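The structure under discussion appears below in the form of structure tokens.
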Amino acid sequence: MKSLTKAPFGAAALLFCIILTPLSCQRKAEATFPPLTVSGANADALWKRIKVDSPYAGYAYWPGHDGVREGQSPHGPFHRIFINAVFLAALPSPSLSAPEGAIIVKENMDADRKLTNLTVMAKIRGFDPENGDWFWARFDLEGKASASGKVGGCIACHAGMKDNDYVIVRKLDAP
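In terms of our numbering, the sequence shown opens at residue 1 and continues consecutively.
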């Protein structure tokens, strides 16, 4: 008789686990914040945005570019690319331009796929109109920026994709 009374509870517990497990593995909804501004454009503010205010771990992968992918110098042999909800909502972009507030975070990895640093692009209206208004940064894993702002090396490399708003990974109007 004992086993009959325990069976419904066991089944209920199993059902509870089956329902909750997928829900607990889903990414949390990304918090939305006003775009960074020219007056507040600095590496510390950007790090706070992607790690505290709206952690990039909750961002979506670049569409069609999920997971770890092969990379190239100066980013490393492997990478993962995340974009915030502002950018994701604007894709595909027939105008080939990212919206104000767009953020791209690239996790750069070594040959063993170990995370080494982050490179970030943040679209800030009026920051650098000659170069797409992108604020560029390279952070170590603790948030110390080795480069930020109008980074010449970043701009020079990405300038070949000026017609795609300096974004290399994929055409912005791609479905």
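Where is the CB? At the ideal position from N, CA and C, for every residue including glycine. All figures in this text were calculated on a predicted structure; none of them were measured in a lab.
Have a look at residue i and residue j and give me their C-alpha separation to the nearest angstrom.
i	j	result
E107	G152	20 angstroms
G160	S93	19 angstroms
L23	E130	The predicted position of L23 is uncertain, since its pLDDT is 41 and thus under 50; a value taken from the coordinates is nonetheless stated next. One C-alpha to the other measures close to 44 angstroms.
L141	I155	23 angstroms
K171	L96	7 angstroms
A147	P55	20 angstroms
L36	D112	34 angstroms
D221	H65	Not covered by the structure: residue 221. The range shown for the chain is 1 to 175.
G149	A174	28 angstroms
D165	K144	26 angstroms
Among the options, which residue has its Cα nearest to the Cα of residue i?
i	options	result
I103	L96, P94 and F135	F135
P99	F78, A122 and H79	A122
Report back the beta-carbon spacing between residue i and residue j to the nearest angstrom; my notes put them in contact at under 8 angstroms.
i	j	result
L91	P63	6 angstroms
A41	F127	5 angstroms
G71	H79	4 angstroms
V52	I124	So it is not a contact: roughly 18 angstroms between Cβ atoms.
With DSSP as the reference, please indicate the residues paired to residue i in a beta bridge.
i	result
W47	Note: W47 sits in no beta bridge, so no partner.
F78	E70 and M109
Got a sec: does the ligand NAP put a non-hydrogen atom nearer than 6 angstroms to the Cβ of residue i?
i	result
V68	This structure lacks the ligand NAP, and indeed carries no ligand of any kind.
Cβ contact (3+ pairs, closer than 8 angstroms) linking the segment 111 to 118 and the segment 84 to 96
no
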